[in-house]
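If you read the sequence shown in UniProt numbering, its first letter stands for residue 1, the second for the next number, and so on. Contents: one structure, followed by commentary.
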Amino acid sequence: MKHLLNSILALTVLFLYTGFVPESGKPAYLIYSKNGNTVSYQSLIIQSKNSDLVFFGELHNNAIAHWLQIEMVQELAADTSKTTKVGMEMFEADQQLLIDEYFTGKISRSSFENEARLWNNYDTDYKPVLEFAKENQMKLIATNIPRRYASSVYGNGLEILDELSDEAKQWMMPLPVEVDTTLPGYQSMLEMAQGHGGMNIVYAQAVKDATMAHFLLKNFSEGDRIFQLNGSYHSNDYEGIVWYVKDQRPELRVLTINTISVDDVQNVDDEQLQSADFTLVVPSTMTNTY
1 MKHLLNSILA
11 LTVLFLYTGF
21 VPESGKPAYL
31 IYSKNGNTVS
41 YQSLIIQSKN
51 SDLVFFGELH
61 NNAIAHWLQI
71 EMVQELAADT
81 SKTTKVGMEM
91 FEADQQLLID
101 EYFTGKISRS
111 SFENEARLWN
121 NYDTDYKPVL
131 EFAKENQMKL
141 IATNIPRRYA
151 SSVYGNGLEI
161 LDELSDEAKQ
171 WMMPLPVEVD
181 TTLPGYQSML
191 EMAQGHGGMN
201 IVYAQAVKDA
211 TMAHFLLKNF
221 SEGDRIFQLN
231 GSYHSNDYEG
241 IVWYVKDQRP
251 ELRVLTINTI
261 SVDDVQNVDD
271 EQLQSADFTL
281 VVPSTMTNTY
């Protein structure tokens, strides 16, 4: 039994730290740098430890991405050279009180989960991160704007935010918000929308990005490291949230991770690796969580 446990442990370490390529030649994932070279998991961790903000851009239903997120959170939390905090797009700013009450034992898990407007894939994909943060007394930041306000911007334009109460405005970035509609990511959104929603589709995305940047910076102090989970589109090409962060705090050390799904993880076009500092490449045949 002892030999069996040692073998399992060795395989786990090999898989995690090297993106293990079995004899079949079908690795479950590989991590690439922008220059097209594969890098080890440990290299990613070392650079993450030296960063102030780490943006893990995920495909929301990708099992490998979610597995790697909890592994990274655990490793970063164990590094006491900085205080690791977690930010999550999946929680909206007006849910912060619920999170704090749950983390401090003031409300039960069932009360939290019943009231928190959880994503459908919460149990499989985000609960492990949240529960780890709770168990280890880590700060978890609800970074996103309440979706009702993003939806209102999509339907009515940015001006509708000025009509909100002061209480409502505390759950978003300070107004007025600057939106650079010329950024390639926003321009791409316009093209994909084919005229539906007009510029409001960009504004709705931008208020999410700006709000997430706002709450990340609001919760960042010297000696902190924040590990932010969000959809890749919110941080790819150093746009989205990263653009707002760098606009306000250009001195901060930011690291970005993108997730892509391809047919052959060992044969990736260099162009697909340019959107982030590191790219998690997963086989297109990998099981999805939904």
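Glycine included, C-beta positions come from ideal geometry on N, C-alpha and C.
- Query: Where does residue 303 fall in DSSP's three states?
  - Reply: Here the chain comprises residues numbered 1 to 290, so residue 303 is not present and cannot be evaluated.
- Query: What residue from L164, W67, S188, I145 has the CA that sits closest to D125's CA?
  - Reply: It is W67.
- Task: Any chance you could list the beta strand (DSSP E) runs of at least 3 consecutive residues sitting entirely within the stretch 52–84, in chain order?
- Result: Counting only runs of 3 or more, we get 53–58.
- Message: Assuming the contact rule is C-beta atoms closer than 8 Å, S188 and N236 should be a hit. Round their C-beta distance to whole Å, please.
- Response: In this structure, S188 and N236 do not form a Cβ contact; the two beta carbons are roughly 10 Å apart against a cut-off of 8 Å.
- Item | As assigned by DSSP and simplified to three states, the class of R147 | Assignment of R147 by DSSP, reduced to helix, strand and coil, places it in the helix class.
- Message: Please list the terminal residues of the continuous beta strand (DSSP E) segment that includes residue 329.
- Response: Within the shown structure, residues of the chain are numbered from 1 to 290, placing residue 329 beyond reach of any answer.
- Item | Inter-residue Cα distance where the pair is I141 and N219 | Straight through space, the alpha carbons of N219 and I141 are spaced by roughly 8 Å.
- Item | Proximity winner among H196, Q205, Y149, W243, relative to K169 (alpha-carbon distances) | The residue with the shortest Cα to Cα distance from K169 is Y149.
- Item | Bridge partner(s) assigned by DSSP for A142 | Beta-bridge pairing links A142 to M88.
- Message: If I follow the unbroken alpha helix (DSSP H) through N230, where does it start and stop?
- Response: No alpha helix (DSSP H) contains N230, which is instead part of the beta strand (DSSP E) from 224–231.
- The alpha helix (DSSP H) with V129 in it runs from where to where? Residues 127–135.
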